[in-house]
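**Student:**
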Amino acid sequence: MTSRAHIGVGLISVGWMGRLHSRAYLAAPRHYPDLPVTTELVVAADTDPHSRAHATDVIGYREAVSDYQQVLDRDDVDVVSICSPNFLHHEIAMAAIAAGKPFWIEKPMGRSVRESSEIAREAAAAGLMTAVGFNYRHAPAVAHARKLVSEGALGTITNVRIALIADYSADPDGALTWRFQRDRAGTGVLGDLLSHGADLAQYIVGRISSVSGLTETFIRVRPLPASGAASHFSKGASGGPTGDVENEDYAAVLARFDSGAVGVLESSRVAIGPRAEYRLEVYGTKGSLRWDFQRLNELQLADDTSGYRTIMVGPGYGDFANFQPGAGTSMGFDDLKTIEASLFLRSVVEARQLAPSAADAWSASEIVDAAVRSAASGSWTPVAAVEGTTTYDA
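Here the numbering used here is used: the first residue of the sequence shown is 4, the next is one more, and so on.
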């Protein structure tokens, strides 16, 4: 029998994403029998007592605490998930590094380039494996798109279009939560959605070297939350006080790649109609491909003059076979996080960076930062290269 490492899991923040991380930790060894680990949910931290109760009574953590440092101080915690709001990411990640804990953190990793670079540099200096929640790159259709591009099936890549268009903030009566405040969230849709687009673009085509950005805030005032526990789906207090939205609802970025390709990245959180329309298009001298998250298990490919044909992904495409036996039986969003968890756990036990890394998140942050500066100046702006292990170019 193959020996398996026992991995004790600590969770910081028991919201939707923290619950998803927890399920993914448990699911990963079941979907990947060759993964040499067993996982145990040890302790979760949250300031909300109802969330702590959910962690133990529903998710299955042995204990729940109010102070995240109690998670990091535990000898039986081997890895940590950081699923807190953006304004706590840097503080908690630096504490995890100081404690020597490999961590899986959601994006944007930092509110700024400074925060992201500090996290990435210090994690690398400490020799820690990391993971960042760039889950869309794990879709089997996207894995196949990357393979087609790298093998030259589309010829020389000429241009890329990526759009992440959503409606989660389209209601002007939606509450003014931390997501709309610059000191707590950093950027708006740039960090929340377009960072995914930047990662996808670089994962498929290679490094983005310069950008020209445009941003706009369409809903400039929102009602204050009715309670402190409001999420970005919550309504504000009717007829109550309001506050200013401090970051962008919409962003568009023109991009140049090191390869010579060019691209357009667009994102909105206030579009009416699309719910989660996250599209990738890659064009080359011999063909093109298209993928949309809303049709997760399909890839459109045009590699001759007859136009697009639809490929229904199945075994042999990315990690599909680890979840379903045949094409047509669909994978879902949670499965993408399970793939991410498996990569993180394997990174830890094999001591080699396989999951999207803190350096990948730093790289995406450099693109976001350059887009912000470009939008302010109206000029093309270079994107700084980063240090450390990036997996988009592996």
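No residue lacks a Cβ here, since even glycine has one placed at the ideal position from N, Cα and C. Keep in mind it's a predicted model, so treat the numbers as computed, not measured.
1) Are the CB atoms of Gly399 and Gly158 nearer to each other than 8 angstroms?
2) By the 10 Å Cβ neighbour count, where 16 or more other Cβ atoms means buried, how is Val116 classified, buried or exposed?
3) Suppose you measure from the CA of Leu23 to the CA of Asp338; what does that come to, to the nearest Å?
4) If you measure between the beta carbons of Asp36 and Phe323, is that distance less than 8 angstroms?
5) Got a sec, what are the start and stop residues for the alpha helix (DSSP H) Phe336 sits in?
6) To the nearest angstrom, how far is it from the Cα of Pro359 to the Cα of Gly18?
7) Going by beta carbon distance, what residues of the same chain come within less than 6 angstroms of Arg293, once the five residues before and after it are set aside?
8) Applying the 10 Å Cβ sphere with the 16-neighbour rule, what's the burial state of Ala128?
9) Does the Cβ of Glu353 have 16 or more other Cβ atoms within 10 Å, making it buried, or fewer, making it exposed?
10) The ligand ATP and Thr218: does the residue's C-beta get closer than 7 angstroms to at least one heavy atom of that ligand?
11) Leaving out five residues before and five after Ala274 in sequence, what residues of the same chain have Cβ atoms less than 6 angstroms from its Cβ?
12) What do you reckon, are the CB atoms on Ser212 and Arg259 nearer than 8 angstroms?
13) Which term fits Trp383, buried or exposed, when burial requires 16 or more other beta carbons within 10 angstroms of its beta carbon?
14) So is Met334 in contact with chain B if we call contact Cβ pairs under 8 angstroms?
15) Helix, strand or coil for Phe3 per DSSP?
16) Select from Asn89, Ser198, Ser237, Thr133 the residue whose C-alpha is nearest the C-alpha of Gly177.
17) Of the choices Ile122, Arg272, Asp76, Ile314, whose alpha-carbon is the least far from that of Glu94?
18) Looking at C-alpha atoms only, which residue of Leu197, Gln184, Phe326, Ala330 is the closest neighbour of Met409?
19) What are the boundary residues of the alpha helix (DSSP H) that Ile122 is part of?
20) Between the segment 136-156 and the segment 241-254, can you find at least three pairs of beta-carbon atoms closer than 8 angstroms?
21) Quick check for students: name the residue ranges of the alpha helix (DSSP H) that lie wholly in the segment 117-186, counting only runs of 4 or more.
22) By Cβ distance below 7 angstroms, which residues in the same chain neighbour Gln327 in space, the five residues on each side in sequence not counted?
23) Pull up the CB-CB distance for Val82 and Val46, whole angstroms please, since I reckon it's below 8 angstroms.
24) Does Gln72 pass the burial test, meaning 16 or more other C-beta atoms within 10 Å, or should it be called exposed?
25) DSSP three-state call for Trp19: helix, strand or coil?
26) Out of curiosity, what's the CA-to-CA distance linking Arg7 and Asp261?
27) Hey, which unbroken runs of the alpha helix (DSSP H) at 4 residues or more fall wholly within the segment 26-104?
28) Could you tell me the distance, in whole angstroms, from the CA atom of Ser54 to the CA atom of Gly21?
29) If you compare alpha carbons, which of Leu151, Ala255, Tyr320, Tyr206 is closest to Val375?
30) By Cβ distance, which residues of its chain are closer than 7 angstroms to Arg349, with the 5 residues on each side in sequence left out?
31) State the Cα-Cα distance for the pair Leu203 and Gly381, rounded to the nearest angstrom.
32) Suppose the cutoff is 8 angstroms on Cβ atoms and the five residues either side in sequence are ignored; what does the same chain contact list for Val389 look like?
33) Can you give me the Cβ contacts of Arg149 inside the same chain, cut-off strictly under 7 angstroms, excluding the 5 residues immediately before and after it?
34) Measure from the alpha carbon of Ala279 to the alpha carbon of each residue in Tyr311, Thr332, Ser172, then state which is nearest.
35) What is the DSSP secondary structure of Leu203, counted as helix, strand or coil?
36) Residues in the same chain with beta-carbon distance under 8 angstroms from Thr41, minus the five sequence neighbours each way, listed in chain order, please.
**Tutor:** Concretely, from the data shown:
1) Outside the shown range of the chain, which is 4 to 397, sits residue 399, and nothing can be said about it.
2) Label assigned to Val116: buried.
3) 10 angstroms
4) According to the sequence displayed, residue 36 carries Pro and not Asp. It is not a contact, given that the beta carbons lie outside the stated cut-off.
5) 336-353
6) C-alpha of Pro359 to C-alpha of Gly18: approximately 22 angstroms in a straight line.
7) Glu284, Gln303
8) exposed
9) exposed
10) For the ligand ATP, the structure offers nothing, since it holds no ligand at all.
11) Ile168, Asp170
12) yes
13) exposed
14) Of the chains in the structure shown, none is chain B; there is only one protein chain.
15) The chain is shown only over 4 to 397; residue 3 falls outside these bounds and no answer can be derived.
16) Ser237
17) Ile122
18) Outside the shown range of the chain (4 to 397) lies residue 409, about which nothing can therefore be said.
19) 116-128
20) No, the segment 241-254 is not in contact with the segment 136-156.
21) 143-153
22) Met334
23) Rounded, the Cβ-Cβ distance is 12 angstroms, inconsistent with contact.
24) exposed
25) helix
26) So the alpha carbons of these two residues sit roughly 42 angstroms apart.
27) 52-57, 71-75, 89-102
28) 10 angstroms
29) With distances taken between Cα atoms, Val375 lies closest to Ala255.
30) Leu38, Leu357
31) 25 angstroms
32) The residues are Ser120, Ala123, Ala362, Trp365, Ser366, Glu369.
33) Tyr206, Ile207
34) Per the C-alpha coordinates, the member of Tyr311, Thr332, Ser172 positioned closest to Ala279 is Ser172.
35) helix
36) These residues qualify, in order along the chain: Arg7, Ala8, His9, Ile10, Pro32.
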